[in-house]
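Asks: My structure is below; once you've seen it, I'll send some questions.
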Ligand SMILES: Cc1cc2nc3c(=O)[nH]c(=O)nc-3n(C[C@H](O)[C@H](O)[C@H](O)COP(=O)(O)OP(=O)(O)OC[C@H]3O[C@@H](n4cnc5c(N)ncnc54)[C@H](O)[C@@H]3O)c2cc1C
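In the numbering used here, the protein residues as written are 256 to 686.
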């Protein structure tokens with residue numbers, strides 16, 4: 256048994272790790288088992304306490320790539336960063352990328368991840384041409400929109416429970432090069448954010464905002480909005496260099512005071528207001544990948560991310576209520592992201608992304624006070640008819656999950672009898 260951890264470094268469980276090194280390798284005879292991609296989920300969706308984790312990073316082979324059509328077939332342990340390294344020089348990018356490129360194709364399917372272009376492109380599953388699903392029975396199902404379509408829908412956003420995805424076929428999108436041009440603008444309140452999002456969605460491929468969650472009173476809801484489009488440019492790409500946080504500090508430096516100071520500087524820095532900006536795609540799409548292991552900053556007790564979706568009709572009232580609650584709690588978060596999702600329906604039975612506004616906040620794990628704060632945010636999300644993202648969650652109550660994802664009972668018909676996860680056992684118990 257070894258301790259498998261996810262990105263939030265909490266909870267930690269003993270699990271048996273079995274490497275899958277070839278896509279035809281038989282699955283172990285006994286469950287409960289679960290695939291572990293690259294552990295970039297924050298909570299327990301990729302954990303399986305006392306069970307088996309099938310680690311798939313060695314399923315890293317490319318099978319085919321057609322540079323004329325942008326169709327790529329690869330094994331499910333390939334990272335999006337590895338795809339980009341192969342296809343961007345030929346003018347193609349994965350059509351949807353989350354805020355880190357260090358996720359596997361299998362993980363991107365199982366959480367049906369979204370990116371800064373959700374308003375245009377929907378989520379990862381919308382660009383999936385098909386995949387192979389290995390079941391513990393020994394059967395392999397080839398799934399596509401017109402082949403085993405119900406298994407296709409159950410596996411997209413299916414939280415890894417329907418079996419092991421061994422290979423996938425993706426439709427990539429054409430881009431003119433490595434650069435993104437756009438602008439950044441400060442906004443002083445949420446009305447200004449909504450106005451910017453409404454103006455920008457038609458003209459910009461990528462839109463996203465950073466929010467100052469320590470601001471209150473007249474400054475409540477202030478932040479910085481950035482937007483951009485792919486462009487061809489002959490500037491020399493920056494040297495790709497990542498730093499690594501070498502150790503876990505015994506106490507987290509993320510405190511109310513440090514976050515207030517950081518936010519004040521971040522909001523007022525000159526780059527927050529630029530009429531014309533040019534970004535290399537890496538810092539624009541994957542800003543956090545420049546500091547590897549940054550999750551250690553939160554200290555030995557780890558941290559939580561709270562990412563919710565609030566339907567458009569409710570967001571204007573629910574968001575300020577949430578921000579006031581966070582500001583009052585003094586449990587500040589400096590990585591706060593606000594993004595307007597679009598209307599393209601997700602294909603997965605349990606996909607998270609849907610029309611509305613998504614807010615993501617990180618909080619150091621301070622035990623009961625943090626759990627109480629997050630539950631109080633859930634009260635607002637539930638009343639608004641929203642949802643919390645399983646990929647980021649380690650604590651939501653079963654009652655909340657079952658309200659957020661009413662199709663969870665339908666998923667049960669597709670769950671492999673030998674697959675399970677700590678997340679699933681937690682959110683499907685009766686209450
Ligand atoms: C810095 C950072 C930024 C992020 N930004 C975003 C964002 O903008 N948008 C977003 O949507 N997400 C975001 N995420 C979350 C991340 O994209 C998802 O959690 C993603 O699913 C992680 O992929 P992974 O390969 O690490 O899979 P893991 O976290 O290891 O596993 C995730 C799920 O996929 C299942 N799984 C993995 N491989 C397979 C397989 N081969 N077959 C079947 N099931 C499988 C696992 O069982 C598990 O249920 C971010 C995460 C980080 C750390």
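Just so it is clear, CB atoms sit at the ideal spot from N, CA and C, and this is done for glycine as well. Predicted, not measured: the structure shown is a model, and the values here were computed from it.
1. Could you check the C-alpha separation between residue 663 and residue 604 for me, to the nearest Å?
2. Where residue 512 and residue 341 are concerned, what is the direct C-alpha to C-alpha distance, given to the nearest angstrom?
3. For residue 262, tell me which candidate among 285, 288, 299, 273 has the shortest Cα-Cα distance.
4. Looking at ligand 1, does it come within less than 6 Å of residue 431, judged from the CB to the closest heavy atom?
5. If contacts are defined as beta-carbon pairs under 8 Å, then residue 288 and residue 647 qualify, I think. What distance do you get, rounded to the angstrom?
6. Could you check how far apart the C-beta atoms of residue 292 and residue 358 are, in whole angstroms? I think they sit under 8 Å.
7. Less than 7 Å between the beta carbons of residue 348 and residue 430, yes or no?
8. What first and last residue would you give for the alpha helix (DSSP H) that runs through residue 633?
9. Please confirm whether residue 466 and residue 593 have their CB atoms less than 7 Å apart.
10. I want to check one thing, is the minimum distance from the CB of residue 290 to the heavy atoms of ligand 1 below 6 Å?
11. Which residues mark the beginning and the end of the alpha helix (DSSP H) in which residue 338 is found?
12. Nearest to residue 379 by CA position, among 640, 301, 352, is which residue?
13. For ligand 1, any of its heavy atoms closer than 6 Å to the Cβ of residue 651?
14. Quick one: what does DSSP say residue 594 is sitting in, helix, strand or coil?
15. Counting Cβ pairs closer than 8 Å, one from the region 278-287 and one from the region 569-583, do we hit at least three?
16. From the DSSP output, read off the bridge partner residues of residue 619.
17. Are residue 421 and residue 331 close, meaning C-beta to C-beta below 7 Å?
18. Would you kindly check if the distance between the Cβ of residue 600 and the Cβ of residue 535 is under 7 Å?
19. Would the beta-carbon of residue 403 fall within 7 Å of that of residue 396?
20. For the beta strand (DSSP E) that residue 364 lies in, which residues bound it at each end?
Replies: With the given structure in hand:
1. When rounded, the separation of the alpha-carbon atoms in residue 663 and residue 604 is 8 Å.
2. Residue 512 and residue 341: Cα-Cα distance of roughly 43 Å.
3. With distances taken between Cα atoms, residue 262 lies closest to 299.
4. Relative to the non-hydrogen atoms of ligand 1, the Cβ of residue 431 never comes closer than 6 Å to any of them.
5. Between residue 288 and residue 647 a beta carbon distance of about 23 Å is seen, past the 8 Å cut, so the two are scored as non-contacting.
6. So it is a contact: roughly 7 Å between Cβ atoms.
7. Yes; because the gap between Cβ atoms is below 7 Å, this pair is in contact.
8. Unbroken alpha helix (DSSP H) run through residue 633: 623-639.
9. Cβ distance < 7 Å, so residue 466 and residue 593 count as in contact.
10. Shortest gap from the CB of residue 290 to any heavy atom of ligand 1: under 6 Å.
11. That run of the alpha helix (DSSP H) goes 335-342.
12. Between residue 379 and the set 640, 301, 352, the nearest pair of CA atoms involves 352.
13. Checking every heavy atom of ligand 1 against the Cβ of residue 651, none is found closer than 6 Å.
14. In the three-state scheme derived from DSSP, where H, G and I count as helix and E and B as strand, residue 594 is classed as strand.
15. Short answer: they don't touch.
16. Residue pairing by DSSP places residue 619 opposite 558 in a beta bridge.
17. When the beta-carbon positions are compared, residue 421 and residue 331 come within less than 7 Å of each other.
18. No, they are not a contact pair.
19. Contact flag set, yes.
20. Careful: residue 364 lies outside any beta strand (DSSP E), inside the alpha helix (DSSP H) at 360-365.
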